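Q:
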Amino acid sequence: MSKVYSTQELIEILAQERRSCMNGQRLNLAASVSGNPVIDRFLKPEGIQKFSAYNDFKAAVHSYQRQHQVSGIIWCELTMKGKTLRYPAIDEQLAALDSDLKILKAAKADLLEFWYTGIQGMDLYLSINFGKDYQKIMPNDVKEVAQKTEWANLYEYKNYNFWEIILQLGWGKPEEASYKRGWPKSGSEYIHAVNPGKCPIC
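Numbering (this note's numbering), first residue to last: 3 to 204.
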């Protein structure tokens, strides 16, 4: 019986393939520019071929995951105000199995409770216009969004004088939820928590 690659091995394989594609070692020669002369003068054919080659490989890995039931879940940890949460998320290059979605949905309530506790006193902003703008919101607004979504994820950005916690509230497939790629079946809203008087930068 042939070996089945683990989640971590697939992550490493994808990272290696991505490097190869970006270095021009893998090209999809069948990939062409858009056909729109205005767009095409800004896009280099080699760049499209690199991007297409990696996307084709990633789609094959996603198919492999489904065929062999290899989870896309990675376990993350975040500490806020002295409390640490260990929570599941889908690796950004992998796909979610149906069983993964059940795990994400089961973790949503604990993740939200941890987030609400950790962001007390912070200003909240909803990402709008594909992340180009932000609208200030209140905690009750977040609860309304949370009720309409299926799963959640957290991201943290901090340096010596800035701290931002991003709550992703999503539905459908996580691998299609960012940037409205799978809209309307999959999608997500992003809530940015920042210290009072600060604005989101992520």
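Ideal placement from N, C-alpha and C gives every residue a C-beta, glycine not left out.
What you are looking at is a predicted structure, and each value in this text was computed from that prediction instead of being measured.
Here's a check: name, in chain order, each residue in its chain whose Cβ is nearer than 7 Å to the Cβ of Ile-92, leaving out the five neighbours to either side.
A: Gly-74, Ile-75, Ala-98, Asp-102, Pro-176, Glu-177, listed in sequence order.
Q: Look up Ile-105 in the DSSP assignment and say whether it is helix, strand or coil.
A: Looking at Ile-105 - three-state DSSP - the assignment turns out to be helix.
Q: Specify the secondary structure class of Ile-1 as computed by DSSP and reduced to three states.
A: Given a span of 3 to 204 for the chain in the structure shown, any question on residue 1 remains unanswerable.
Q: What's the gap between the Cα of Lys-160 and the Cα of Ser-4?
A: Their Cα atoms are separated by approximately 44 Å.
Q: Using a 10 Å radius around the Cβ and a threshold of 16 neighbouring Cβ atoms, would you call His-194 buried or exposed?
A: Buried, since its Cβ has 16 or more Cβ neighbours within 10 Å.
Q: For my contact list, Val-72 and Val-6 are in at a C-beta cut-off of 8 Å; report their separation, rounded to the angstrom.
A: Right, their Cβ atoms sit about 7 Å apart.
Q: Could you give the DSSP three-state label for Ala-91: helix, strand or coil?
A: Here Ala-91 sits in strand by DSSP.
Q: Should Gln-69 be labelled buried (16 or more other beta-carbon atoms within 10 Å of its own) or exposed?
A: Gln-69 comes out exposed.
Q: With distances taken Cα to Cα, identify the nearest neighbour of Trp-117 among Leu-156, Ile-105, Asn-142.
A: Closest option to Trp-117, Cα to Cα, is Leu-156.
Q: Have a look at Glu-94, Tyr-127, Ala-55, Thr-9 and flag the residue whose alpha-carbon is nearest the alpha-carbon of Asn-25.
A: Answer by Cα proximity: Ala-55.
Q: Report the three-state DSSP secondary structure of Val-72 (helix, strand or coil).
A: Of the three classes helix, strand and coil, the one that applies to Val-72 here is coil, per DSSP.
Q: Which whole-angstrom value describes the C-beta separation of Pro-198 and Asp-112, a residue pair presumed to lie in contact below a C-beta threshold of 8 Å?
A: Wrong, their Cβ atoms sit about 26 Å apart, outside the cutoff.
Q: For a quick check, are the C-beta atoms of Gly-120 and Met-82 less than 8 Å apart?
A: Yes, Cβ-Cβ distance for Gly-120 and Met-82 is below 8 Å.
Q: May I ask you to list the residues that DSSP assigns as paired with Tyr-136?
A: Per DSSP, Ser-129.
Q: Would Leu-114 and Ala-154 qualify as a contact pair, given that the criterion is a beta-carbon distance under 8 Å?
A: A contact, by the Cβ cut-off of 8 Å.
Q: Consult DSSP for Ala-154 and reduce its assignment to one of helix, strand or coil.
A: In the structure shown, Ala-154 sits in a strand (DSSP, three-state: E or B).
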